[in-house]
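Each residue of the sequence shown is one higher than the one before, counting from 12 in the numbering used here. By construction, the Cβ of each residue, glycine as well, lies at the ideal position given by its N, Cα and C atoms. Because the structure is a prediction, the values reported are computed rather than measured. These notes concern the structure reproduced below.
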Amino acid sequence: MTGPTHGELPSSLGSGRVGIRLIHKRDAKVLERFLREDRQWLGPWEATHPGGLNPTPGSVTLKPVIKRLRQQFQEGRGVPFVMTYDGEVVGQLSASDISRGALWSGSIGYWIASEYAGRGITPVAVALAIDYLFSTIGLHRVEICIRPENSASLRIVEKLGLRYEGRRKSYIHIDGAWRDHESFAVTRDEVHGSMLARLDD
Numbered sequence: 012m013t014g015p016t017h018g019e020l021p022s023s024l025g026s027g028r029v030g031i032r033l034i035h036k037r038d039a040k041v042l043e044r045f046l047r048e049d050r051q052w053l054g055p056w057e058a059t060h061p062g063g064l065n066p067t068p069g070s071v072t073l074k075p076v077i078k079r080l081r082q083q084f085q086e087g088r089g090v091p092f093v094m095t096y097d098g099e100v101v102g103q104l105s106a107s108d109i110s111r112g113a114l115w116s117g118s119i120g121y122w123i124a125s126e127y128a129g130r131g132i133t134p135v136a137v138a139l140a141i142d143y144l145f146s147t148i149g150l151h152r153v154e155i156c157i158r159p160e161n162s163a164s165l166r167i168v169e170k171l172g173l174r175y176e177g178r179r180k181s182y183i184h185i186d187g188a189w190r191d192h193e194s195f196a197v198t199r200d201e202v203h204g205s206m207l208a209r210l211d212d
């Protein structure tokens, strides 16, 4: 690996008014509020349990979840971020399924509160995360899988110039059913400079 696989993130992961940082237990309250009050916005894109063992929407207590996510970070299996705007938490972004061995790959997922959508926050946050995963974690490949109906997320990967790899049928259980996803990816050798610079091209 070319960099550390665990530990605190540097404080300089930001561009202008947008930033990402490692999630903390103190973030639970604001994230729970978004998840509770923004059901119409977030519900159609949330992962669900195929056996129907789903909590009441917005009722999840996040502190134990955050503890598990931070443990995964310490083990090198994921990187759980929050997205910030002017220093305030506005959503969540996670790098998960980080693989070593012959693969060196990871997957990114994210959500942002509706009141902050459309301000260009998420593309910058995703670019920052990918640059971190390549330069610090040392990954070779990062992918993002998106439901075909999620036009806002599709615009993000388009802005960042991620390569389309195809449709995965019935890939993830979302909003109560198995849903198709479009798969996009980028490898480190495809990035000349940084992902963040692609937004300025």
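Counted within 10 angstroms of its Cβ, other Cβ atoms place residue i as buried (16 or more) or exposed
i: glutamate 193; result: buried
i: tyrosine 175; result: exposed
i: glycine 62; result: exposed
i: glutamine 103; result: buried
i: glycine 30; result: buried
i: tryptophan 122; result: buried
i: aspartate 38; result: buried
i: leucine 114; result: exposed
i: glycine 112; result: exposed
i: glycine 89; result: buried
i: alanine 228; result: Residue 228 lies beyond the range of the chain shown here (12 to 212); nothing can be said about it.
i: alanine 188; result: exposed
i: alanine 138; result: buried
i: alanine 58; result: exposed
i: alanine 136; result: buried
Those residues which DSSP pairs with residue i across a bridge
i: leucine 33; result: Phe92
i: serine 194; result: Cys156, Gly177
i: tryptophan 189; result: His184
i: serine 26; result: Val29
Sequence-distant residues of its chain with Cβ nearer than 7 Å to residue i (five each side left out)
i: alanine 140; result: Ile31, Phe92, Leu104, Ala106, Ile119
i: arginine 28; result: Tyr96, Asp97
i: leucine 24; result: Gly30, Ile31, Arg32, Leu139, Tyr143
i: valine 101; result: Met94, Thr95, Ile123, Ala124, Tyr127, Ile132
i: asparagine 161; result: Trp56
i: glycine 177; result: Ser194
i: methionine 206; result: Ala138, Ile141, Asp142, Leu171
Whole-angstrom C-beta distance between residue j and residue i, which should lie under 8 Å
i: proline 134; j: leucine 165; result: Incorrect: roughly 12 Å between the Cβ atoms, too far for contact.
i: serine 116; j: leucine 73; result: Between leucine 73 and serine 116 the Cβ distance is about 27 Å, and since that is not below 8 Å, they are no contact.
i: histidine 60; j: histidine 184; result: 7 Å
i: leucine 173; j: phenylalanine 145; result: With a Cβ gap of about 13 Å, leucine 173 and phenylalanine 145 do not count as contacting.
i: threonine 198; j: arginine 152; result: 5 Å
Close-in-space but distant-in-sequence residues of the same chain around residue i (CB under 6 Å, 5 per side omitted)
i: proline 55; result: Asp186
i: glycine 18; result: For glycine 18, the predicted model reports a pLDDT of 48, less than 50, meaning its position is unreliable; a value from the coordinates is still stated below. Closer than 6 Å at Cβ, skipping near neighbours: no residue.
i: arginine 179; result: His192, Ser194
i: leucine 42; result: Leu73
i: cysteine 156; result: His192, Ser194
Sequence-distant residues of its chain with Cβ nearer than 8 Å to residue i (five each side left out)
i: arginine 190; result: Arg158, Ser181, Tyr182, Ile183, His184
i: isoleucine 77; result: Ile34, His35, Lys36, Asp38, Ala39, Pro91
Contact with chain D by residue i, beta-carbon distance below 9 Å
i: glutamine 83; result: Included in the structure is just one protein chain, with no chain D present.
What residue ranges within the stretch 58-130 form continuous alpha helix (DSSP H) runs of no fewer than 4 residues, ordered along the chain?
Within the stretch 58-130, complete alpha helix (DSSP H) segments of at least 4 residues are found at 73-85, given in chain order.
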